[in-house]
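With mature numbering (1 follows the signal peptide of the UniProt record, and there is no 0) as the guide, the letters of the sequence shown map in order to residues -28 to -1, 1 to 324.
Here a beta-carbon is modelled for each residue, glycine too, at the ideal position from N, C-alpha and C.
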Amino acid sequence: MKKQKRTGRIVIALIAMVFLISPSTVGAQTTNADLQVQIQALLEQISSLQLQIKTLRGEVTSTREEIKQVREELQILRTLRVGNEGEDVSNLQEYLSQFEDIYPEGLVTGFFGILTQRAIQRFQQKHGIVTSGDPDSTGFGLVGPRTRTKLNELFANGNLPPGLTKKLEKSGVLKTKSSSDDDDEDEDGDHHNSGKGKNKITICHKGKITLTIAEPAWKGHEKHGDTRGSCNGNDNEDEDSDDDDGDDDDNTTDTTAPIISNLIATSTTATTSTITWNTNENADGTIYYSTASPVLVATTTPSVHQANFITAHSIILSSLTATTTYFYIVESTDESGNIATSSEQSFTTFEE
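In structure tokens:
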């Protein structure tokens, strides 16, 4: 009897042990399975991260190659001075137009004129390259070796203006940013106004023509008496009011400056000289002259203005001093407000 009781107790104890052990064994198996799932998920994440790292390394390599190409594309490889023209001059002007303290006019014409020379002089002063003199004696206003080195360094390391960026994108040197990469709500077309990568403003030119120009060009127009805003009773020549064909015009704004040629001083006497030149389109004319060089385009500089829009220009300078050398430049503005500036010239009056 005692033996049966003892056997029963053992059986009950064994059954209890089974109930106690079985759940923990099942739990352990379940925990191991969960760990396996987590480990597999982590391995997949690691694999994904490794793929992303590989992609990023490829993008970094591509970006470095782009930067190298940009440096090669934008380098100025020759000496530049008044009278030069070309793509490198345009790139130089586009870069300088970012800085209103250096190149407030912001004109990108591809022609190295007096305004560009003054911009280079301000650039040289700002960076301590040369601070006085002239292009021939000290290189002041000349893009020589030291100035080229500094410009190329800034081209490589600085932010590019919108105009240069677009130019490089078109040539394939830089990749064009797709609209899906934008994180704003504006349409891509509104990011940059056309023409030198600058904001546009509306002005009243010659009191009768409403124009849209690049903002940096405003100062030049202001000096010639233009005003901000549309003209009252606007007689805008860009409008289609004079047409009788019933079709809308292609109102493409003229952004090309006149070309100045055949500039010369003639019929010089002791107190007068006649300055003549031609433009390839109808334009007005202004002569700035001084006994000091370089001649500054400023309200304080003596000047004579001819308001007619013509192609053959002739202006007489009078009340000059005998046996004196005068330096002069001419400006011609077409009917769309595009300004061309000549290189500096000189003449000497005769004895009385």
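Roughly how many angstroms separate the alpha carbons of residue i and residue j, rounded to a whole number?
i      : j      : result
Lys168 : Ile18  : For Lys168, the predicted structure reports a pLDDT of 39, less than 50, and the residue's modelled location is therefore unreliable. A value from the coordinates is still provided. Cα to Cα, the separation comes out at about 47 Å.
Val61  : Leu79  : 11 Å
Glu66  : Val276 : 30 Å
Ser304 : Thr243 : 25 Å
Ile181 : Cys203 : 6 Å
Asn4   : Ala128 : 57 Å
Ser233 : Ser290 : 23 Å
Ser318 : Ile173 : 36 Å
Phe16  : Gln24  : The residue asked about is misnamed: residue 16 is Glu in this sequence, not Phe. Each residue's Cα considered, the two are about 12 Å apart.
Ser239 : Gly257 : 19 Å
Ser315 : Ile288 : 19 Å
Arg90  : Glu59  : 19 Å
Quick one: using the 10 Å Cβ neighbour count with 16 as the cut-off for buried, is residue i buried or exposed?
i      : result
Arg120 : buried
Thr81  : buried
Ala294 : exposed
Gln93  : buried
Gln12  : exposed
Thr271 : exposed
Gly197 : exposed
Val9   : exposed
Less than 8 Å between the C-beta atoms of residue i and residue j, yes or no?
i           : j      : result
Leu64       : Ile48  : yes
Pro230      : Asn310 : yes
Pro107      : Gly100 : no
Glu125      : Phe84  : no
Leu183      : Ser69  : no
Val269      : Tyr300 : no
residue 399 : Thr248 : Outside the modelled stretch of the chain, which goes from -28 to 324, sits residue 399, for which no answer is possible.
Quick one: residues in its chain with C-beta nearer than 6 Å to the C-beta of residue i, no 5 flanking neighbours on either side, listed in chain order?
i      : result
Thr199 : Cys176
Thr103 : Gln97
Thr110 : Val102
Asp306 : Pro230, Glu253 and Ala255
Lys122 : His99
Secondary structure at residue i, three-state DSSP: helix, strand or coil?
i      : result
Arg200 : strand
Thr3   : helix
Ser20  : helix
Phe322 : coil
Asp306 : strand
Leu15  : helix
Ser275 : strand
Val115 : strand
Gln47  : coil
With a threshold of 8 Å on Cβ separation, who are the neighbours of residue i within its own chain once the five nearest residues in sequence on each side are excluded?
i      : result
Lys98  : Asp73 and Ile74
Thr283 : Asn250, Thr251, Asn252, Glu253, Asn254 and Ala255
Pro274 : Tyr260, Tyr261 and Ser262
Thr246 : Ala237, Thr238, Ser239, Thr240, Ser286, Ile287, Ile288 and Leu289
Going by beta carbon distance, what residues of the same chain come within less than 7 Å of residue i, once the five residues before and after it are set aside?
i      : result
Gly179 : Cys203
Arg118 : Ile101
Val54  : Phe84, Gly85, Ile86, Gln89, Ser315 and Glu316
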